[in-house]
Amino acid sequence: MFSIIAVGKMRHKAELELVDRYAKRIRPKLSIIEVNEAKGSPEEAKLKETQALLNALPDRSVVISLDEGGKNYSSLVFANKMQAWIEESRSISFLIGGAEGLHHAAIERSDLILSLGSLTWPHMLVRILLAEQIYRAQSILQGHPYHRQGRP
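Going from the sequence shown to this note's numbering is simple: count from 1 and add 19.
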């Protein structure tokens, strides 16, 4: 099972449709779990949100936290990493923090810290990008032509 556990609620129809486009193609099903944005100082909010994210994790899950300081992988390398976790029969959970990012407790709990590049992305778009990359990884592993390696 795959899950994206994220702070905040997706409300815009266009964003929801894009996530759903990829989520429908992912097997086993991709679940999206949303936790509420927290109030308080930036550090308090980050801690509360991270605690909510960690509490939502399925048991024995591989935890991948999205963070700008994480590793940046090609789609092929990412697919191979996913294959290794799938072979362990573990669920794979991706954590997306709120506006203040993730508290170090999430980073410490993570099996992998992943970056989607050095650009800053809105948190709602990260869900879309991540859902597409999960689908792409599955396509690569299945030998489906969705992913085209290299340049034309």
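Cβ atoms here follow ideal geometry from the backbone N, Cα and C, with glycine treated the same way.
Span of the alpha helix (DSSP H), counted from its first residue to its last, around residue i
i, result
"K90", "Per DSSP, K90 belongs to no alpha helix (DSSP H); it is in the beta strand (DSSP E), 81-90."
"L76", "Where L76 is concerned, there is no enclosing alpha helix (DSSP H), given that its DSSP letter is neither H nor E."
Neighbourhood of residue i by C-beta, 7 Å cutoff - its chain only, sequence neighbours within 5 removed
i, result
"I159", "S94, L95, A98, H166"
Residues bridged to residue i [DSSP beta-bridge criterion]
i, result
"I132", "S84"
"I111", "F21, V81"
"G162", "Looking at the DSSP assignment, G162 forms no beta bridge with any residue, so it has no partner."
"G116", "Paired residues: none, contrary to the question."
6 Å CB neighbourhood of residue i in its chain, flanking five on each side removed
i, result
"P77", "S110"
Residue i - DSSP class collapsed to helix/strand/coil
i, result
"A25", "strand"
"S50", "strand"
"A57", "coil"
"R30", "coil"
"S94", "helix"
For residue i, the nearest candidate out of the options (CA to CA)
i, options, result
"K100", "E151, V81, V26", "V81"
"E119", "F21, L37, E63", "E63"
"R40", "R155, Q161, G162", "R155"
"L73", "A25, K32, Q161", "A25"
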